[in-house]
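Report on one structure; see the data block that follows.
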Amino acid sequence: MQVNSGDFRRPYDWCVASTNPSPLRLARTGEVLDLLRRGAAETTADLAATMGLARSTVTERLDVLLKHGLIVSVGETSGARGRPASRLAFNASAGVTLAAQVGMSGMLMAVTNLAADVLWYRKVDIDVSEGPEALLRDLERHFDEGLAEVGGDAGRLYGLGIGMPGDLEIAGTGATTAQWRSFPLADRLRERYERPVFTDRDVNFLALGEHRTSWPDARVFLCLKVGTVIACGLIIDGQVVRGATGLLGEIGHTKVHGHEAPCTCGSRGCLNTVAGGAALAARLHEHGFDIRTAREVSELANRGVLEAVQEVREAGRQIGDVVAGAINLLNPDVIAVWGYLVDAGDQFLVGMQEAIYKTALPAAARAVTLARSPYGDDAGLRGAALTVIEHTLDPDAIDAFVTESAAA
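Going by the numbering used here, the sequence shown opens with residue 404, and the numbers climb by one from there.
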């Protein structure tokens, strides 16, 4: 992931309080906010007991968070002896994030609050072959419109998260990958909005969004994207794993025995050329079907067209053969599958399951849950927004912010 964070203090400048306690006495303010965000505490007494601090110490930190608008009072406790205590909660309306999931021919965009709830949403047609400057213009124009429509302003903006296709996917469009690789997209957006910018491969944001939303207890979680091309994101113990050079999950470039079709990576017989949505569409087109895309393959299969059903089922088997190796290596709890091919009824997942049970270690195959992605298309947006939120509201970041603002 590329993190272009600038100054972590900047996202909070709009809410700096005028009364500044001693910086030393504000230590662990971020931990207070974290406990309230997670719902692990809701009163001063809860926080004092959990953190092992005096109530007066906790109260001082709560006063800081209240002044910054990051927490709010949500009523009083009831049913207990003595005086009711004030209940406190994280204020998800304190700010917004900007999130985008960039595809090869379209882009999903959102403005979210600080709980990653979508306040504004838009689908935009794009063409990555037009280059990064065109994408930047689209991002800025639509983000500006989104902020205006939710009644927000740049002062309430905490950061931006942008999910991008991998270099090898972009190469498949005929676009110049060197131009994209050298383009300072995060820097340009940071200069424009003066906020942290987080960029990552789209499949990593997909994995994060699915994990946090649907499978938070999964220790080893794979999110498999099966659309025009095939790739996966990996979460272990709650963290995205990217590999030494950021190429982890490029399973679409695994060699399939007996196939020699040229691939955009420069090799031949890659899984993408055999079981990717574009490959399936090309074969069906050769058989007289007027289609060009993975989405159209899915539509044909859902209509019960035999040739399309057979192609989708066989693609599931071929991808399942490769995923079986990942199961033996990683022993995942859950594999969530997302994309056009999985939308083609049950045929794709049935084919995958057949291959997994045939090829993977039986105990590992029995242990994994193979499921259609519950969150769907918007998981990547949620993952992008959550990346912004988790970084900018990290306890250390909050401590640094309140300490700097107190010393100012």
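All residues carry an ideal CB built from backbone N, CA and C; glycine is no exception. Quantities reported herein were computed from a predicted structural model and do not represent experimental measurements.
Is it buried or exposed, residue 713, if we count other Cβ atoms within 10 angstroms and call 16 or more buried? exposed
For the beta strand (DSSP E) containing residue 528, list its first residue and its last residue. 521-528
Contained beta strand (DSSP E) runs [length at least 3] in the region 419-483, N- to C-terminal order: 474-479
Buried/exposed call for residue 772, threshold 16 Cβ in 10 Å: exposed
Is it right to say residue 777 is buried, meaning 16 or more other beta carbons lie within 10 angstroms of its own, or is it exposed? exposed
Sequence-distant residues of its chain with Cβ nearer than 8 Å to residue 618 (five each side left out): 624, 736, 737 and 739
Can you tell me which of the three DSSP states residue 741 falls into? strand
Taking the DSSP output, what are the residues bridged to residue 489? 479
Residue 355 to residue 595, Cα distance in whole Å? There is no way to answer for residue 355, as the model of the chain reaches only from 404 to 811.
Can you say whether residue 444 is buried or exposed, counting buried as having 16 or more other CB atoms within 10 angstroms of its CB? buried
Out of curiosity, what's the CA-to-CA distance linking residue 669 and residue 657? 12 Å
Only counting the same chain, and skipping five residues up and downstream in sequence, which positions put a Cβ closer than 6 Å to that of residue 665? 671
Within 10 angstroms of its Cβ, does residue 716 collect 16 or more other Cβ (buried), or is it exposed? buried
Where residue 765 sits in the DSSP three-state scheme: helix
Does residue 500 come out as helix, strand or coil in the three-state DSSP assignment? strand
Thinking C-beta only, is residue 611 closer than 7 Å to residue 792? no
Pick out whichever of 435, 441 and 477 has its Cα sitting closest to the Cα of residue 464. 435
How close, in whole Å, do the beta carbons of residue 800 and residue 794 come, if the pair is a contact with beta carbons under 8 Å? 7 Å
Inspect the beta-carbon positions of residue 694 and residue 683 and report whether they are closer than 7 Å. no
Assign residue 561 to buried or exposed, taking buried as 16 or more other Cβ atoms, counted over all protein chains shown, within 10 Å of its Cβ. buried
Looking at residue 723: is its Cβ nearer than 7 Å to the Cβ of residue 747? no
Select from 439, 590 and 514 the residue whose C-alpha is nearest the C-alpha of residue 553. 514
Closest to residue 768 by C-alpha separation, out of 783, 729, 780 and 802, would be which residue? 729
Residue 601 lies in the alpha helix (DSSP H); which residues open and close that run? Unbroken run through residue 601 is the beta strand (DSSP E), 600-604; no alpha helix (DSSP H).
What would DSSP say about residue 651, mapped onto helix, strand or coil? coil
If you run the structure through DSSP and keep just helix, strand and coil, what is residue 807? helix
Tell me the start and end of each unbroken alpha helix (DSSP H) in the region 583-637 that is at least 4 residues and wholly inside, in chain order. 588-596 and 605-617
By the three-class DSSP mapping on this structure, what secondary structure does residue 794 have? helix
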